[in-house]
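Everything in the sequence shown is counted per our numbering, starting at 1 for the first residue and increasing by one. Here's the structure we're looking at; comments come further down.
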Amino acid sequence: MTNQPVESKVPEPQIIEAEAAEQAAIEKRREYLKNESTRLIDIAGSEPYSALKCIHQLSVAGGATEGTYVAIEQRIVADQDAAGAYHLALLAQNTPDLPIDVRQLIEMVVNKGDNDQRLALLKNLLLPPVALIKEQILASNDGDAIGQMNAYLQINPEGYGSHHMLSSGHSDHIVPLS
Numbered sequence: 001m002t003n004q005p006v007e008s009k010v011p012e013p014q015i016i017e018a019e020a021a022e023q024a025a026i027e028k029r030r031e032y033l034k035n036e037s038t039r040l041i042d043i044a045g046s047e048p049y050s051a052l053k054c055i056h057q058l059s060v061a062g063g064a065t066e067g068t069y070v071a072i073e074q075r076i077v078a079d080q081d082a083a084g085a086y087h088l089a090l091l092a093q094n095t096p097d098l099p100i101d102v103r104q105l106i107e108m109v110v111n112k113g114d115n116d117q118r119l120a121l122l123k124n125l126l127l128p129p130v131a132l133i134k135e136q137i138l139a140s141n142d143g144d145a146i147g148q149m150n151a152y153l154q155i156n157p158e159g160y161g162s163h164h165m166l167s168s169g170h171s172d173h174i175v176p177l178s
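Given below as structure tokens:
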């Protein structure tokens, strides 16, 4: 039998305190997000055309509950808010498990938005509905928008969006609509 010290399996007090502090911070953050979500759901439910305000505040908060996203989507649909639809659709493409109908939002932007929003969709969505966007822009008879669309589609005929172009060596500026 040797006289080697036996390692203690009981954590040191500093480790216990650090873990407790970390857990407390997580709980505090969770409570903050829950409160912010409740506040944003109230705003979306009671203030017409508040989707952009809610999306901005959601981004500042750093997240929200699923119910918050649903409430914002419902506000967008009720108001037929193409700008809100554009921003929520872009947000959703980076967070694929959101409980919203992104297709509906994209169709709203294409059908009810302006050409700046359509061009932004074309450039910023990973897989934009190129044919639908092209049809709406051509139908508008807006020479400037048609020229911008044609120039973009000339260098990117499949319309894969700027994310694809940036990863394949092309460069384009992604500018969010405000």
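Beta carbons are placed, not taken as given, at the ideal position from N, Cα and C, and that holds for glycine.
Taking only the alpha-carbon atoms, compute the straight-line gap between N124 and L90 and give it to the nearest angstrom.
Against the sequence shown, residue 124 aligns to sequence position 124. Against the sequence shown, residue 90 aligns to sequence position 90. Cα-Cα distance, rounded: 8 Å.
Could you tell me the distance, in whole angstroms, from the CA atom of E12 to the CA atom of A20?
On the sequence shown, residue 12 is found 12 positions in, with the first residue counted as 1. On the sequence shown, residue 20 is found 20 positions in, with the first residue counted as 1. Using only the alpha carbons, I get a separation of about 13 Å.
Can you give me the Cβ contacts of L132 inside the same chain, cut-off strictly under 6 Å, excluding the 5 residues immediately before and after it?
Taking the sequence shown and counting its residues from 1, one reaches residue 132 at position 132. Here the set comprises V110.
Does Q14 pass the burial test, meaning 16 or more other C-beta atoms within 10 Å, or should it be called exposed?
Here residue 14 corresponds to residue number 14 of the sequence shown, with the count starting at 1. So Q14 ends up on the exposed side.
Own chain residues within Cβ distance below 6 Å of V102, not counting five before or after:
For the purposes of this step, residue 102 is identified with residue 102 of the sequence shown, where counting begins at 1. Here the set comprises A89 and A92.
Which of the three DSSP states, helix, strand or coil, is assigned to Y160?
For the purposes of this step, residue 160 is taken as the residue at position 160 of the sequence shown. Y160 falls in the coil class under three-state DSSP.
For I228, which of helix, strand or coil comes out of DSSP?
Outside the shown range of the chain (1 to 178) lies residue 228, about which nothing can therefore be said.
Considering only C-alpha positions, which residue in the set I26, I72, R30 and A61 is nearest to D42?
As a first step, residue 42 must be located in the sequence shown, where it is residue number 42. If we check each option's Cα against that of D42, I72 comes out closest.
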